[in-house]
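First the structure, in the form of structure tokens, and then the observations on it.
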Amino acid sequence: NAGVMQNPRHLVRRRGQEARLRCSPMKGHSHVYWYRQLPEEGLKFMVYLQKENIIDESGMPKERFSAEFPKEGPSILRIQQVVRGDSAAYFCASSPRSGQGSGANVLTFGAGSRLTVL
Amino acid sequence: GDSVTQMEGPVTLSEEAFLTINCTYTATGYPSLFWYVQYPGEGLQLLLKATKADDKGSNKGFEATYRKETTSFHLEKGSVQVSDSAVYFCALHFRNNAGNMLTFGGGTRLMVKP
Chain A
84 NAGVMQNPRH LVRRRGQEAR LRCSPMKGHS HVYWYRQLPE EGLKFMVYLQ KENIIDESGM
144 PKERFSAEFP KEGPSILRIQ QVVRGDSAAY FCASSPRSGQ GSGANVLTFG AGSRLTVL
Chain B
22 GDSVTQMEGP VTLSEEAFLT INCTYTATGY PSLFWYVQYP GEGLQLLLKA TKADDKGSNK
82 GFEATYRKET TSFHLEKGSV QVSDSAVYFC ALHFRNNAGN MLTFGGGTRL MVKP
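Read top to bottom, the protein sequences are chains A and B. Per the numbering used here, the very first residue in the first sequence carries number 84; after that it's consecutive. Per the numbering used here, the very first residue in the second sequence carries number 22; after that it's consecutive.
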């Protein structure tokens with residue numbers, strides 16, 4: 084049972100380019116979360132998605148950032164016109180469901196995608 | 022809103038020393054509490070959790086007890102090893118109208134020297 088798969092693990096972009104980060108949740112998980120970790124800082128929540136729905140995007144920057152979780156395929160975090168301040172590790176996590184029960188509130192994390200903007 | 026505060030690092034210890042990393046939280050209701058560990062170059066792994074007051078989570082020699090009266094969930098280990106060097110994150114689970122949410126402390130870097 085593969086865990087949460089993120090790719091690419093490392094991505095280098097020049098200022099102004101686009102970055103696309105992909106996340107495949109664990110099998111059976113229908114909820115995906117994206118977090119950002121800036122250098123030497125903690126994790127900051129960005130967005131929470133279910134299939135075809137954005138549930139909570141309160142942590143997403145208002146411009147240049149978008150996320151989707153289509154019916155088929157991985158979740159995508161897209162950053163347009165990247166700037167140096169976007170350099171960070173982006174972590175995806177998944178959970179089985181939103182509901183009661185001990186399994187619903189444990190998030191499983193991927194290994195992260197490290198974005199470097201030159 | 023709900024939040025987690027943990028001690029700033031880095032924490033530097035010698036091998037076999039006793040470890041405490043403090044974590045306190047602010048929450049409405051009764052959240053579940055977690056410790057995650059991040060080894061160099063890797064993602065976060067769940068280390069242990071506690072879902073109600075007075076629960077003790079434990080794993081790999083690490084322990085943390087959910088103390089409602091002090092709103093704390095301090096991480097302890099009796100004898101650390103070099104391989105424990107990592108960043109440790111305290112986290113709190115809560116539910117809002119959107120569903121399950123997990124909020125993290127700022128992380129504490131532990132460095133264990135031989």
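All C-beta atoms in this analysis are idealised placements derived from N, C-alpha and C, irrespective of residue type, glycine included. Note that the structure is a prediction, hence the values are computed from the model and not measured.
For residue i and chain B, any beta-carbon pair shorter than 8 Å?
i: A150 of chain A; result: no
i: L104 of chain A; result: no
i: A85 of chain A; result: no
i: V130 of chain A; result: no
i: E124 of chain A; result: yes
i: L190 of chain A; result: yes
i: G142 of chain A; result: no
i: A171 of chain A; result: no
i: G184 of chain A; result: Confidence is the limiting factor: at G184 of chain A the pLDDT is only 45, short of 50, which leaves the residue's position unreliable and the question unanswerable from this model.
i: G156 of chain A; result: no
i: G111 of chain A; result: no
i: W117 of chain A; result: no
i: G168 of chain A; result: no
Comparing C-alpha positions only, which one of the options sits nearest to residue i?
i: F125 of chain B; options: B:K134, B:A112 and B:M132; result: B:A112
i: F138 of chain B; options: A:E140, A:G111, A:H114 and A:K127; result: Summary: the structure shown does not reach residue 138 of chain B, with chain B confined to residues 22 through 135, and so no result is reported for it.
i: E135 of chain A; options: A:S158, A:Q163, A:L201 and A:A85; result: A:S158
i: G62 of chain B; options: A:R92, A:I138 and A:F152; result: A:R92
i: R105 of chain A; options: A:C175, A:E123 and A:V189; result: A:C175
i: Y116 of chain A; options: A:E140, A:A102 and A:E101; result: A:E140
i: A102 of chain A; options: A:Q163, A:R197 and A:S177; result: A:Q163
i: P153 of chain A; options: A:P108, A:L201, A:A85 and A:S178; result: A:P108
i: E90 of chain B; options: B:E36, B:E97, B:K73 and B:S104; result: B:K73
i: S24 of chain B; options: B:D76, B:S53 and B:G82; result: B:S53
i: A48 of chain B; options: B:E29, B:T129, B:G128 and B:F115; result: B:F115
i: F55 of chain B; options: B:S100, B:E37 and B:F83; result: B:F83
i: D75 of chain B; options: B:A85, B:L68 and B:L67; result: B:A85
i: F70 of chain A; options: A:G156, A:Y173 and A:K110; result: Because chain A here runs from 84 to 201, residue 70 of chain A falls outside it and cannot be looked at.
i: V101 of chain B; options: B:V58, B:T26, B:L65 and B:V133; result: B:V133
i: G86 of chain A; options: A:R197, A:L198, A:S177 and A:T199; result: A:S177
i: G99 of chain B; options: B:V32, B:L67, B:E37 and B:T33; result: B:E37
Taking the DSSP output, what are the residues bridged to residue i?
i: F55 of chain B; result: B:K70 and B:A112
i: I137 of chain A; result: A:L132
i: F174 of chain A; result: A:Y118
i: T41 of chain B; result: B:E97
i: Y87 of chain B; result: Y87 of chain B pairs with nothing; no bridge assigned.
i: Y60 of chain B; result: DSSP lists no partner for Y60 of chain B.
i: K137 of chain B; result: Absent from the model: residue 137 of chain B. The displayed extent of chain B is 22 to 135, so no value can be given.
Can you check whether the C-beta of residue i is within less than 8 Å of a C-beta belonging to chain A?
i: L54 of chain B; result: no
i: K70 of chain B; result: yes
i: M132 of chain B; result: no
i: T124 of chain B; result: yes
i: L67 of chain B; result: yes
i: T33 of chain B; result: no
i: G82 of chain B; result: no
i: E36 of chain B; result: no
i: D23 of chain B; result: no
i: G64 of chain B; result: yes
i: F39 of chain B; result: no
i: G50 of chain B; result: no
Quick check on residue i - is its C-beta less than 8 Å from some C-beta in chain D?
i: F94 of chain B; result: In the displayed structure, chain D is absent; the protein chains listed are A and B.
The stretch 96–114 of chain A contacting the stretch 162–169 of chain A, beta-carbon criterion three pairs below 8 Å: Counting Cβ pairs under 8 Å, three or more are found: they touch.
Stretch-stretch touch, CB-based, cutoff 8 Å, three pairs: the stretch 40–56 of chain B with the stretch 123–139 of chain A: no
Cβ contact (3+ pairs, closer than 8 Å) linking the stretch 137–154 of chain A and the stretch 189–196 of chain A: Contact fails: fewer than three Cβ-Cβ distances are below 8 Å.
Segment contact, 8 Å Cβ cut-off, at least three pairs: the stretch 29–42 of chain B with the stretch 111–125 of chain A: These segments do not touch.
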